[in-house]
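Residue numbers (my numbering), protein chains in the order written: chain A, 355 to 679; chain B, 355 to 679; chain C, 355 to 679; chain D, 355 to 679. Each residue gets a CB set at the ideal place from its N, CA and C atoms; glycine is no exception. Only a predicted model underlies this, so the values are computations on that prediction, with no experimental measurement involved. What follows is a single structure, written as structure tokens, with notes after it.
Number of protein chains: 4
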Amino acid sequence: MIVNLVRTSDPRAVTRELVALGLWVTPLEGGSQPQLRVEEGSRELPIGDILAVSGVESVARPRSAHPRVDAHPPTVRVRSLELGTGAPPVLIAGPCSVESEASAHALAHRVAAAGAKILRGGAYKPRTSPYSFQGHGGQALEWLRAAADSHGLAVVTEVLDPEDAARVAEHADLLQIGSRSMQSSPLLRAAGATGKPVLLKRGMAATVEEWLLAAEHCLVAGAAAVIFCERGVRGFDPSTRNLLDLGAVALLAGVRRLPVIVDPSHAVGRRDLVAPLARAALAAGAAGVMLETHDSPGDALSDGPQALTPAELTELAASLLGARA
Amino acid sequence: MIVNLVRTSDPRAVTRELVALGLWVTPLEGGSQPQLRVEEGSRELPIGDILAVSGVESVARPRSAHPRVDAHPPTVRVRSLELGTGAPPVLIAGPCSVESEASAHALAHRVAAAGAKILRGGAYKPRTSPYSFQGHGGQALEWLRAAADSHGLAVVTEVLDPEDAARVAEHADLLQIGSRSMQSSPLLRAAGATGKPVLLKRGMAATVEEWLLAAEHCLVAGAAAVIFCERGVRGFDPSTRNLLDLGAVALLAGVRRLPVIVDPSHAVGRRDLVAPLARAALAAGAAGVMLETHDSPGDALSDGPQALTPAELTELAASLLGARA
Amino acid sequence: MIVNLVRTSDPRAVTRELVALGLWVTPLEGGSQPQLRVEEGSRELPIGDILAVSGVESVARPRSAHPRVDAHPPTVRVRSLELGTGAPPVLIAGPCSVESEASAHALAHRVAAAGAKILRGGAYKPRTSPYSFQGHGGQALEWLRAAADSHGLAVVTEVLDPEDAARVAEHADLLQIGSRSMQSSPLLRAAGATGKPVLLKRGMAATVEEWLLAAEHCLVAGAAAVIFCERGVRGFDPSTRNLLDLGAVALLAGVRRLPVIVDPSHAVGRRDLVAPLARAALAAGAAGVMLETHDSPGDALSDGPQALTPAELTELAASLLGARA
Amino acid sequence: MIVNLVRTSDPRAVTRELVALGLWVTPLEGGSQPQLRVEEGSRELPIGDILAVSGVESVARPRSAHPRVDAHPPTVRVRSLELGTGAPPVLIAGPCSVESEASAHALAHRVAAAGAKILRGGAYKPRTSPYSFQGHGGQALEWLRAAADSHGLAVVTEVLDPEDAARVAEHADLLQIGSRSMQSSPLLRAAGATGKPVLLKRGMAATVEEWLLAAEHCLVAGAAAVIFCERGVRGFDPSTRNLLDLGAVALLAGVRRLPVIVDPSHAVGRRDLVAPLARAALAAGAAGVMLETHDSPGDALSDGPQALTPAELTELAASLLGARA
């Protein structure tokens, strides 16, 4: 953002005012009029607040690259559920992979009992290795839907291949785009074209701006809404698998007023850090958290070490959602 | 960590048990006995829990490189104040730089009124540019001490040059080592040698292990205690200045049981994100937060845009510390 | 990697030998026999060299997760062209997007004259913004093929949607998987299933191991071969767009003996740094470089600022390929 | 950089011209005149080239924060040796730590025989752990000086504590500031105040701009000159210890015309990657390379795994410096 000053103004006085408003300001030289640059990382303010400062002539900035995201409401409906800023926190829980009809039902039962409103579970799994379990596909979608219906839960599951989008949309209330796919434009368009709301996980090393642009792809294609999901970005320290970026959550939820949830299980990959980070996520403004759970983590076909046991889920859910009868 | 199995055991059965405990396990081949590797990012467990698994013969791992940190207590005394796990959250507040005797007193008054227990303020400033304000040095130390004493506050301030350590220790209750200095071993030793507790900020790109080793330097040299301070690590996204790593906070506070606080002001550098991240820090297990405040941020000699006004500080403090009379 | 020692050996003596071989070694405690851990970042050695050290009983390590990549030859045929370790350096050049039939022909002419052997050009463009030019699709494939054929060039172009893979394979000699798609398993499988060789760009924040696993996906699905393409990873410094990782190139080319090329244009995005980085890439062991060029960069539909003019391409090609008549 | 256009100009036409020059350009809206923003990562051009574009009224940008660095010459004298752009490549070699008088002499002999002109060796060692070898201090300085003098070599060694700067300057021709100290302003000033040239290693996660500002600290304090040393930045992939940033080297050497060398030994920490990266460094424009060598790497008190043997040094030196009698 560039602040153009009237020729007779005192740039230092204007700078003082802008700094007082919370802006990082750098004076520029050589222009045909006095000019100041407002740096990234400044507080976001209505443009009128800047124009109201004495000595400011005009403010120039790029046109937003994501007008539909800018106009997106802060809360979203997933079936009858309201999710977003102002709404009560939402718990999404379930296994990494849907492993069988029986296990889907057993988990849905426990997940609902713990107070979760949305059942998660992988049918199509994005895997780093071609030799890892790739999911039970279409059949798992049906198990998941039936298990959720029996317990009054909504369903979120990942779509991985554009050509599966329609089929996933038949069974899911919310289509998940995974981290590895956040910049796959054919997939973003296919998911959006189903007209369902999309749960858009942040890419491993995506900037907030790239994340918003990915959402714009979905919305342009027809998505009913986008819920953002922070799941940790790539960091340099192996002691916690990824770096959970709650600054980005606070920015999306508090400043941009967008619905955003957090997946602490994938963010840290350590069962002993899931609970404190889930609490921190809600404190930072997240509208909900997504937790991995498994009836028997040691037998899980994927990601067992980060899955909570049903008892751990129940305890954490109680602390996150407040006392329940 | 390597888990050596008895020759007749079934590595897959042992793996299942270890995964159930929350460990990421990789089988190794070629050894003279069956062996499993436990990956970083696994839950931390007492070694006995692993040895108790049927089929495990022994567990081999490196000797800790920081025995004094491992033995460090979870709470620390700074003057009469208790800070750490279990103790009530502590608020540290004050200006980036101590600018004058009068402003130090005015801020100490407000800081104390808001419920903070420790006054922060820079006398010696680490600056990226040689042309930026470098601090009022020794004189600022005296202003800070007097202002704090008038309002029943403890003092924390940064030491930058090893030869200033003794002088800083005369005036401060807690010696701060800044991010830029976290790996300066002469400074770590000089600060430790004063016998005071040290507030050790994490380096811009330091791993948790490097951070613990820096603390070990201080403790070996004689520091009474170390309080860790997370202030964001270098990330790739300019929309939030740094990446606040609350996973590391949860790890230090909850798993390693060390006293750790958070500086959200430097972490994000945006006034509009300080409050949600301060709340998230406490939710993640931090024992306190350190906030930058200034009577008139537009006139601050450094870091004005991220400083809270006294009114903003009072409001945030109330929400963090709970209702106060 | 774990080195198990005979019980009567002296771990310090063995460590000395292993360090002399170029290994970073950490002693482990608590095992049923003396054990040493070899850290990542050690020189890669035949296992026999370690077993030959006196006192070593056995070496245990995980089974490779990418056996087909491990068995991949160091050179690859793309039509009649040999590319890889030992073969002469190969130049790939062309526009970011194929913009018209005429421009494709004009560029192919200049590209061939400069000594390049493969024509690159985007038909399907992966774009961060939904409002950017998305490519001329199938029609551009035909223009590209015809232009290449007229000038004796092979063709490489990106496939973005799994359902386009067969069609792209009809026109291209080498299927490019872009950075944003490196972890899209349906696309990796679809590209591999065409039986063509694949040019696999490294993901923005992919580790070398993840990159190798993505190649394994292609090979399992039937790809004739994989050529790796380093194009810079996400860094923290905006002065050079991405961080070109020539250490990874040296590792793949020199240690793992795999065919790897470098795309300096996307790595830095700055025309003034393309030439020195292209030279550095070949010096580090790359088998070739891929350069963006445009007849009139100011009129390019995408990435004009990083495109070389035909004159710049000719000059750089001459310096890279040696003196030409 | 902001390009202010004359009111009657066509911003799209001007953009085309600027893109043709190699600039990434974003149009701004809302200003009192048409304005364009030139993004970081653009080619660096004389300002006059931009002002010459039809329709451009003025160009506004921040004043440089490092005027002394901007005025720094491209070559530097270290004793009688010329180092920098245009001068023949310089080889700096020696052990990580100076371990004894005898070993210093033995290595100096081999280092000189290999064609190196500067002897490196640590007297004061910055160590991550307080329990690692910290160097032989002042005595090692004398050994180093004597060994160098016997073989006609210049000396570079690290200064770690500001109070040692004068003493180090008595024995060394070039004072090294290590990565961990790059932002220690008291040390930068103390090193500069000796009046000697400074070898300034880049901090682990320092941006190029922060690196230039650290050099400005040295120059303001009186340093005769600064030689920049790239040694890898912190990355996310453990397979190569650090990420060698040759884009930054090309930028400093080729665009900013500053003397810059590369330390591939610390960059990768793997003996098998030192040679290809040393070659790549010179190809990218580095004025020299600094290599770690040890008579018997297995017995080294520090960093043995990355040290070249004397035979490896001799072979690499020959390939880097060209054929020698």
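Rounded to whole angstroms, the Cβ separation of Thr369(A) and Leu390(A) is 6 Å, and the two are in contact under 8 Å.
In terms of Cα proximity to Glu666(C), the closest of Val379(C), Glu646(C), Asp653(C) is Glu646(C).
Here Arg415(B) is not near Glu394(C), since their CB atoms are 8 Å or more apart. Ranked by Cα distance from Ser483(D), the first of Ser539(B), Tyr485(B), Gly506(B), Arg534(B) is Ser539(B). Under the DSSP assignment, Thr439(D) falls outside any beta strand (DSSP E); it carries neither an H nor an E label. Taking 8 Å as the cut-off between beta carbons, the residues of the segment 609-632 of chain A near chain B are Val609, Ala621, Val622, Gly623, Arg624, Arg625, Asp626, Leu627, Pro630, Leu631, in sequence order. The three-state reading of DSSP puts Gly469(D) in coil, since its state is none of H, G, I, E or B.
Restricting attention to Leu600(A), Trp497(A), Gly557(A), the CA atom closest to the CA of Ser535(A) is found in Gly557(A). For Gly402(B), the number of other beta carbons within 10 angstroms of its own is below 16, and it is reported as exposed. In the three-state reduction of the DSSP assignment, Ala526(B) falls in the coil class. Taking Phe487(B) as the centre and dropping the five residues before and after it, the same chain places the C-beta of Ser451, Lys479, Leu655, Ser656 closer than 7 Å to its C-beta, in chain order.
For the segment 375-390 of chain B, the residues whose beta carbon sits under 8 Å from a beta carbon of chain C are, in order, Thr380, Pro381, Leu382, Glu383, Gly384, Gly385, Ser386, Gln387, Gln389. Contact between Ala641(A) and Ala441(A) is confirmed by a C-beta separation of about 6 Å, below the 8 Å threshold.
In the three-state reduction of the DSSP assignment, Ser656(C) falls in the coil class.
Its Cα nearest to that of Pro630(B), the residue Ala637(A) stands out among Ala637(A), Arg633(A), Leu627(A). The Cβ of Ile356(C) sits closer than 8 Å to at least one Cβ of chain B.
Excluding sequence positions up to five before and after Arg611(B), its CB lies within less than 7 Å of the CB of Pro428, Thr439, all in the same chain and listed in chain order.
A straight line joining the alpha-carbon of Glu570(A) with that of Ala568(C) spans about 28 Å.
Under the DSSP definition of a beta bridge, Ala456(C) lacks any partner. Membership of Pro630(D) in any beta strand (DSSP E) is not indicated; the residue belongs instead to the alpha helix (DSSP H) covering 625-638.
Judged by their CB atoms, Pro551(D) and Ile581(D) are nearer to each other than the 8 Å cut-off.
The beta carbon of Leu606(D) is closer than 6 Å to those of Phe582, Leu612, Val614 in its chain, skipping five residues each way along the sequence. When Ala470(A), Ser650(A), Asn358(A), Thr548(A) are compared, the shortest CA-CA separation from Glu371(B) is found for Ser650(A). Within the DSSP secondary-structure output, Lys555(A) pairs in a beta bridge with Cys583(A). In the structure shown, Ala419(D) falls within a coil segment according to DSSP collapsed to helix, strand and coil. Chain-order list of chain A residues neighbouring Gly395(B): Pro592, Ser593, Thr594, Arg595, Val622, Gly623, Arg624, by C-beta distance under 8 Å. When C-beta distances to chain C are compared with 7 Å, the residues of the segment 510-537 of chain A below that value are Leu514, Asp515, Pro516, Glu517, Arg534, Ser535, Gln537, in chain order.
Around Leu495(B), the same chain offers Ala477, His525 as residues with beta carbons nearer than 6 Å, after the five sequence neighbours per side are excluded.
Taking the C-beta atoms as reference points, Trp378(B) is found nearer than 8 Å to Val392(B). Selection Leu375(D), Val509(D), Arg422(D), Ser418(D) evaluated against Ala579(D) yields Arg422(D) as nearest (Cα-Cα). At least one C-beta of chain C is nearer than 8 Å to the C-beta of Arg481(A). For Val444(C), there is no enclosing alpha helix (DSSP H); the enclosing beta strand (DSSP E) covers residues 444-448.
Secondary structure at Pro381(C): strand, using DSSP grouped into helix, strand and coil.
Burial check for Leu405(A): the Cβ neighbour count within 10 Å stays below 16, so the residue is exposed. Residues of chain C with a Cβ closer than 9 Å to the Cβ of Gly589(B) are, in chain order, Phe590. In this chain, the beta strand (DSSP E) harbouring Gly642(D) covers 642-646.
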